[in-house]
Every structure is written in C-alpha cells, then in structure tokens.
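Numbers given in this note's numbering equal positions in the sequence shown, counted from 1, plus 747. Virtual Cβ for every residue (Gly too), placed ideally from N, Cα, C.
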Amino acid sequence: MLRPSTIATWNRNPADEEAMGAAHAPIWRRMVDVSVPHDLSASTVLDYGCNQGGFLRMLYDTHPFKSAIGIDIARESVGRAELLKGHRPIGYQVASTAASLGRTFDFAFSHEVLYLLPDLAAHAADMKAALRPGGAYVAAVGCHTESGVWPHWRKLIAETSSIPLFDHSLEDVAKAFSAAGFVVAVRPLALDAFMPVTVGSPYFPKITDQLRYYTTDKVLFRFVRQAA
Ligand SMILES: C[S@@+](CC[C@H](N)C(=O)[O-])C[C@H]1O[C@@H](n2cnc3c(N)ncnc32)[C@H](O)[C@@H]1O
Numbered sequence: 748m749l750r751p752s753t754i755a756t757w758n759r760n761p762a763d764e765e766a767m768g769a770a771h772a773p774i775w776r777r778m779v780d781v782s783v784p785h786d787l788s789a790s791t792v793l794d795y796g797c798n799q800g801g802f803l804r805m806l807y808d809t810h811p812f813k814s815a816i817g818i819d820i821a822r823e824s825v826g827r828a829e830l831l832k833g834h835r836p837i838g839y840q841v842a843s844t845a846a847s848l849g850r851t852f853d854f855a856f857s858h859e860v861l862y863l864l865p866d867l868a869a870h871a872a873d874m875k876a877a878l879r880p881g882g883a884y885v886a887a888v889g890c891h892t893e894s895g896v897w898p899h900w901r902k903l904i905a906e907t908s909s910i911p912l913f914d915h916s917l918e919d920v921a922k923a924f925s926a927a928g929f930v931v932a933v934r935p936l937a938l939d940a941f942m943p944v945t946v947g948s949p950y951f952p953k954i955t956d957q958l959r960y961y962t963t964d965k966v967l968f969r970f971v972r973q974a975a
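In structure tokens:
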C-alpha cells in the first residue's frame, strides 16, 4: 500500500473513527494521571496523531495549559477536532511532522501512533525538533511485536486502517529515541479502570487477553530531550 501524505479518516469506516475517542478516554485519563506531574498553566503541549482531538480536550479540562496543537494526517478528523474544541486554547492542524509547526513545546504526547510510522528514527528526530531541551514526550504503545495480541491485531487493524502498519518492537522504539539524544524511560500503562467486556470481541477472544493487554503489554514511554 502506498503511503498517502494525508487521508480523509484513519479508520476506513467514519462511524468507527467517531467511536474511537470514547473507547480511548479511560486510557488517556491514565496517561495523564501517571505522566503529568504538575500544573500546566504555563506549559505548551503537542498531541501527535490527535485524530478528533479528544486527548487535548480532556487534558485541558483536567490540567488547563497555556496552549496546545494537535496534528494528524486525517483531514476530516482534524476538521471535527476544530469543531469540538470550543473555547479551549488548542489549534488542530493537518500535518505529519511536528517540526513543520516551526515552534517548540514543553510536553508532547501520542497515543497509538508509532506503529503507523515507517521510520522511528525520523520520528524521534522530528519530536526532538519540536521539544524544548528538558521537554518530555510521552508515547503510549500497545501495538508492538511483543504484545501477546499483536499477531492477531495486526490483521484486524490492517482491515480498517487506511494506511499501512509496521512491526516495531519496544527495543526498536527505545533505540531510536536513545540514538536521537533522549533519556528513555518506560512503565506499564497498568490501567486502573473497569474496561467494558465485549463478549465475542475479535480483539480480545479471552478476558485474560484483555487483562494482560491493559496491565502489561501496553506501555508508556517517556522520552526526555536532553539539553543540547
Ligand atoms: C490509532 S489512531 C489514534 C488516534 C488518537 N491518538 C487516539 O488516541 O484516539 C492513530 C492516529 O494517528 C494518525 N497518524 C498516522 N500517521 C500519522 C502521521 N505520519 N502523522 C500524523 N498523524 C498520523 C492517524 O491518522 C490516526 O488518527
């Protein structure tokens, strides 16, 4: 599959794209709870692969920040994010590189975007250009080759994704960011919420698959940009 520079929606089915934010909300909440250490009122924030923008709306409503930008290659989803942002100080833009924004941020986040990027070294260099020295990038990664459900998910997600998927290991991710000059740390997401059980779900054939995924397989990387 050729890699287009922009797409209409990431999920081929716009209704499923619309439903994604609600499904991800408990995970975003956990990302924020374990990685936002203090008041963000003087901080700027980037969400890489923001889709319809729900992560930044949630972050602002719990930890008001100075300003934020969300970028994504999915044009219709970015348009929806702009409509939904209300009075929050957020800009949503169609873009595939953070460096193209021409500014730096104090914090950056991404949730389940790395497996859609062919070149982790290029992404690490891009995020380095977009973070101030000492700035931190928290990336949630459940779609990786060591996840127990990945061989199965890879096929399922490929049927719905309008762009190709890539097989990255957690080591591949850590190596790319370490080589780019980040201090790399990792922790399990260790979700502390009741997650809905969908009987017959193709994603979690067994409840133990779901429990293992949200406690162990899905991780949060924190990449801190070292001073130059
Ligand atoms: C699995 S979705 C996750 C969306 C969102 N982060 C969330 O938590 O709901 C992956 C998103 O990454 C976006 N994406 C993929 N490749 C990208 C790229 N090169 N630059 C920016 N966004 C990208 C897709 O369009 C899609 O919206």
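Nearest neighbour of V931 by Cα position, chosen from A937, M942, D919, turns out to be D919. Note on geometry: alpha-carbon atoms of K965 and V888 lie some 6 Å from one another. Between ligand 1 and the CB of E829, the shortest heavy atom gap is not smaller than 8 Å. Taking 9 Å as the cut-off, the Cβ atoms of R835 and Y807 count as close.
Scanning the region 898-966 for uninterrupted alpha helix (DSSP H) segments of 4 residues or longer gives 917-926, 954-959, listed from N- to C-terminal end. Shown here, I774 sits in a helix according to DSSP, grouped into three states. By the Cβ-count criterion, A877 is buried, with 16 or more other Cβ atoms from all chains shown falling within 10 Å of its own Cβ. Under a 10 Å Cβ-count criterion, F941 is classified as exposed, with fewer than 16 other Cβ atoms of the shown protein chains found around its own Cβ. In this structure, N760 has its CB at a distance of at least 8 Å from all heavy atoms of ligand 1. Within the model, the alpha-carbon separation for G928 versus A855 is close to 16 Å.
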